[in-house]
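Just so you know, we're using our numbering here: the sequence shown kicks off at 231 and counts up by one.
Even for Gly, the Cβ is constructed at its ideal location relative to N, Cα and C.
Note that the coordinates shown come from a computational prediction; the quantities given were computed from them, not determined experimentally.
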Amino acid sequence: MPKDRGKMIKKDGFQFCFDDTFCKTCKAKCCIGDGYVFLNDKDIENLYTFLGISKEDFLNKYTRKVFGKVVLIDLVIKNEKRCVFLDDNYRCEVYPKRPFQCKSFPFWEKLRSFSLDELKKLCPAIKPCR
């Protein structure tokens, strides 16, 4: 976890703020369930380098193709679908080099149209801005 935990984050154009203090206790709700983590070329390079393996080994072990794009695989543990890099303590094993999609959550274009109540169901850290 980065040292700067505990700040309210706001991004122009979004009707909500993100209070990252909740990330310590929510058990990675954003990393569990249905969905895809799409990887760009930089994400792939960062991850295989961070893991100390070849690009080919990374792609074969941790990814698959969906809609013609590279995504992280999921694991099913105790009937729970989760990111392949989420450990047993609900911590990201690749946090320093996590994909852009993960870094930018919850400020995704598709979430702009969600109501605050819908957003809170996705993530307890989403709050009205003060």
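Does DSSP put residue i in a helix, a strand or coil?
i: Phe-268; result: strand
i: Cys-253; result: helix
i: Cys-247; result: strand
i: Lys-240; result: strand
i: Lys-233; result: With a pLDDT of only 43 at Lys-233, under the threshold of 50, the placement of this residue in the model should not be trusted; the figure read from the coordinates follows. Lys-233 falls in the coil class under three-state DSSP.
Looking only at its own chain, which residues have a Cβ that is under 7 Å from the Cβ of residue i, when we skip the five neighbours before and after it?
i: Asn-276; result: Lys-327
i: Val-301; result: Tyr-266, Val-267, Phe-268, Leu-269, Thr-293 and Arg-294
i: Glu-331; result: What sits at residue 331 in the sequence shown is Gln, not Glu. Contacts found: Val-267 and Phe-268.
i: Ser-334; result: none
i: Ile-303; result: Tyr-292, Thr-293, Arg-294 and Val-314
Would residue i be called buried (16 or more neighbouring beta carbons within 10 Å of its own) or exposed?
i: Phe-297; result: exposed
i: Tyr-278; result: buried
i: Thr-305; result: The amino acid occupying residue 305 in the given sequence is Leu; Thr does not appear at that position. Exposed.
i: Met-231; result: Confidence is the limiting factor: at Met-231 the pLDDT is only 36, short of 50, which leaves the residue's position unreliable and the question unanswerable from this model.
i: Leu-346; result: exposed
Distance, Cα to Cα, residue i vs residue j?
i: Cys-247; j: Ile-356; result: 6 Å
i: Asn-319; j: Lys-257; result: 8 Å
i: Lys-241; j: Phe-337; result: 7 Å
i: Gln-245; j: Lys-340; result: 13 Å
i: Lys-291; j: Leu-281; result: 12 Å
i: Gly-243; j: Asp-271; result: 27 Å
Comparing the C-beta of residue i with each C-beta of chain B, is any distance below 7 Å?
i: Leu-289; result: Given the protein chain composition of this structure (a single chain), no chain B is represented.
Between which residues of its own chain and residue i is the CB-CB distance below 8 Å, once the five residues before and five after are set aside?
i: Cys-322; result: Ala-258, Cys-261, Cys-313, Phe-315, Leu-316, Arg-328 and Cys-332
i: Lys-285; result: Ile-274, Glu-275 and Tyr-278
i: Ile-283; result: Lys-291
Spatial neighbours of residue i within its chain, please: C-beta separation below 6 Å, excluding the five flanking residues on both sides.
i: Pro-354; result: Phe-252 and Cys-256
i: Cys-359; result: Lys-240 and Cys-247
i: Tyr-325; result: none
Legend entry - Minimum length 3: unbroken beta strand (DSSP E) runs contained in the segment 252–326: Runs of the beta strand (DSSP E) spanning 3 or more residues and lying entirely within the segment 252–326 occur at 293–296, 299–302, 304–307 and 310–313, in chain order.
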